[in-house]
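Using my numbering, read the sequence shown as starting at 232 and increasing by one per residue. The structure appears below as structure tokens.
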Amino acid sequence: MSETKLKIAVHRASDDWPGTYAERWIEALKEHSVDVLAFDFRETDVIERVRGCDGAMWFWRHTPDDKQSAPKILAAIELGLRIPVFPNLPTAWHFDEKVAQHYLLEAIGAPKVRSWVFWNYDDAIDFAEKCSYPIVFKLSVGAGAANVLKLDSFKGAKATVRKMFRKKGVTPYTFNEHRARMFTTDFKELLRVKSRLVMSIKHAFCKSCEPPEHYFLIQKNYAYFQEFMPDNSYDIRVTVIGNRAFGLTRSNRPGDFRASGSGVIDFSPENIPSEAVRIAHDISLKNAFRSMSYDFLHAPGGELLISEVSYCAPNWSVHNFPGYWDRDLVWHEGAIWPEYAEVEDFLEEILSKRGSSD
Ligand SMILES: Nc1ncnc2c1ncn2[C@@H]1O[C@H](COP(=O)(O)OP(=O)(O)O)[C@@H](O)[C@H]1O
Ligand SMILES: [Mg+2]
């Protein structure tokens with residue numbers, strides 16, 4: 232470690248998500264004898280306060296609040312102040328934006344599920360007339376398989392395209408089982424409607440409660456399709472942090488093609504194909520991704536294809552894995568908190584930049 236003590240700014244706020252990485256980042260930074268300046272980066276003097284720091288960290292999520300503030304503020308620090316940030320731009324500019332990932336994965340030549348993005352109604356309809364069904368439609372944003380639809384015919388595709396271009400657009404978290412129907416005899420559905428009402432009322436009084444639908448920004452004026460990958464009863468997630476690859480598999484909901492959000496997660500290393508680990512390590516290294524989760528599906532021929540990437544995974548989903556594979560695919564036994572791994576890599580990055588500019 233260098234002689235002068237490092238000082239790192241970490242975003243902390245009263246509305247932090249309970250599972251935020253910030254707590255354990257701060258713990259790890261202190262263990263490395265780093266001075267920590269923890270404050271809400273949305274305060275007006277953020278640039279002045281970060282100016283004197285050696286690095287800045289913000290665990291931002293897929294909420295409209297975070298997405299509208301964090302990328303702008305972090306980019307100003309990274310590009311304007313030229314201070315290293317976590318997550319850096321290459322890692323995070325496409326976070327929770329599947330449309331951006333479509334272009335990025337294509338640009339870097341990653342093995343990905345074939346996908347199409349359209350920016351106007353006519354092109355999208357033209358595609359829907361000619362494509363083979365079923366086809367998968369997704370919103371650019373969202374998690375837990377909300378808004379991920381398997382469309383079986385032109386009729387359904389046309390209605391969806393019309394919604395995106397000719398009608399009001401779509402509010403995230405309102406498709407498939409996330410859709411709340413007021414008139415239903417299904418008991419589970421009734422419970423969901425009730426819980427949504429309670430959630431909305433709670434949110435009005437307590438910002439930390441899960442937000443209601445109208446909190447999300449409406450998605451419109453694009454259409455994103457993916458080729459349907461049949462016969463995948465689970466998906467495979469490999470998370471790469473520096474030289475460490477962790478894994479998990481998620482099983483589909485019963486009678487459904489979708490795994491994400493099912494809650495049926497397995498952390499057995501033997502379920503993770505080494506080819507997925509190799510692909511994930513290779514992409515992260517070549518593209519300066521400091522932390523990245525890769526979701527894989529199998530193509531009909533058996534090939535592993537990336538469906539989606541995401542810079543942050545819940546910390547427990549990394550820690551529950553019993554070890555990691557390094558870039559040589561050598562196994563290292565022992566669970567690790569992602570926050571500790573990220574801090575270790577971030578400090579190394581800062582010190583090596585410092586060393587090269589001396
Ligand atoms: N092109 C596809 N073909 C088949 N299944 C898919 C495809 N894309 C996604 N899925 C399934 O749907 C789930 C949700 O899709 P995903 O893109 O991960 O959305 P989200 O990240 O918003 O939950 C995935 O976990 C996977 O099981
Ligand atoms: Mg996903």
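The C-beta atom is built at its ideal place from N, Cα and C for all residues, glycine as well.
- In the pairwise beta carbon analysis, the stretch 311-322 is classified as not touching the stretch 397-405: fewer than three pairs are separated by under 8 Å.
- With a cutoff of 7 Å, L528 counts as near ligand 1, since its C-beta is closer than that to a heavy atom of the ligand.
- If you look at D466, you'll find it in the beta strand (DSSP E) that goes Y465 to I472.
- Looking at the DSSP output, E506 bridges to nothing.
- In the DSSP assignment, the residues bridged to Q457 are S346 and V367.
- Residue ranges of uninterrupted alpha helix (DSSP H) with 4 or more members, entirely inside the stretch 247-286 and ordered along the chain, are 253-262 and 277-282.
- Membership of S548 in the alpha helix (DSSP H) is indicated by the continuous run N546 to H550.
- Scanning its chain for C-beta atoms nearer than 6 Å, with the 5 sequence neighbours on each side dropped, one finds around A376 the residues R489, S491 and G492, in chain order.
- By DSSP's assignment, G554 forms a beta bridge with E564.
- The stretch 271-282 and the stretch 242-255 touch, with no fewer than 3 CB-CB distances between them shorter than 8 Å.
- At least one heavy atom of ligand 2 sits closer than 7 Å to the Cβ of E539.
- H529 carries a strand assignment under DSSP once its states are collapsed to helix, strand and coil.
- A heavy atom of ligand 1 is found nearer than 7 Å to the CB of N483.
- Counting other Cβ atoms within 10 Å of its Cβ, N351 stays below 16 and is therefore classed as exposed.
- Note that the stretch 501-510 touches the stretch 527-535; at least 3 beta-carbon pairs, one per stretch, sit closer than 8 Å.
- For Q332, the distance from the CB to the nearest heavy atom of ligand 1 is not below 7 Å.
- Closer than 7 Å to some heavy atom of ligand 2: that does not describe the Cβ of S346.
- By the Cβ criterion, the stretch 561-577 is not in contact with the stretch 334-352, since fewer than three pairs of Cβ atoms, one from each stretch, lie closer than 8 Å.
- Its chain contains G250, Y252, R255, W568, P569 and E570 as the residues whose beta carbon lies nearer than 8 Å to that of N546, once the 5 sequence neighbours on both sides are disregarded; these appear in chain order.
- In this structure I239 touches G286 by the C-beta definition: roughly 5 Å separates them, less than 8 Å.
- From the listed residues R313, P461 and P485, the smallest Cα separation to V281 is found for R313.
- Across the structure, P461 and D487 are spaced so that their CA atoms are roughly 11 Å apart.
- Its Cα nearest to that of E501, the residue G478 stands out among G478, G283, K303 and F520.
- With 16 or more other CB atoms across the displayed protein chains lying within 10 angstroms of its CB, N378 is buried.
- Distance from the Cα of V372 is smallest, within the candidate group L448, D357 and S300, for L448.
- Secondary structure of A476 (DSSP, three-state): strand.
- In the three-state reduction of the DSSP assignment, V316 falls in the strand class, which pools E and B.
- Under the DSSP assignment, A376 falls outside any alpha helix (DSSP H); it carries neither an H nor an E label.
- Taking all protein chains shown into account, T470 has 16 or more neighbouring C-beta atoms within 10 Å of its C-beta and is therefore buried.
- A distance below 8 Å separates the beta carbons of P342 and I510.
- The alpha-carbon separation between L305 and A476 amounts to approximately 26 Å.
- Under the Cβ criterion (8 Å, minimum of three pairs), the stretch 261-268 does not count as touching the stretch 292-302.
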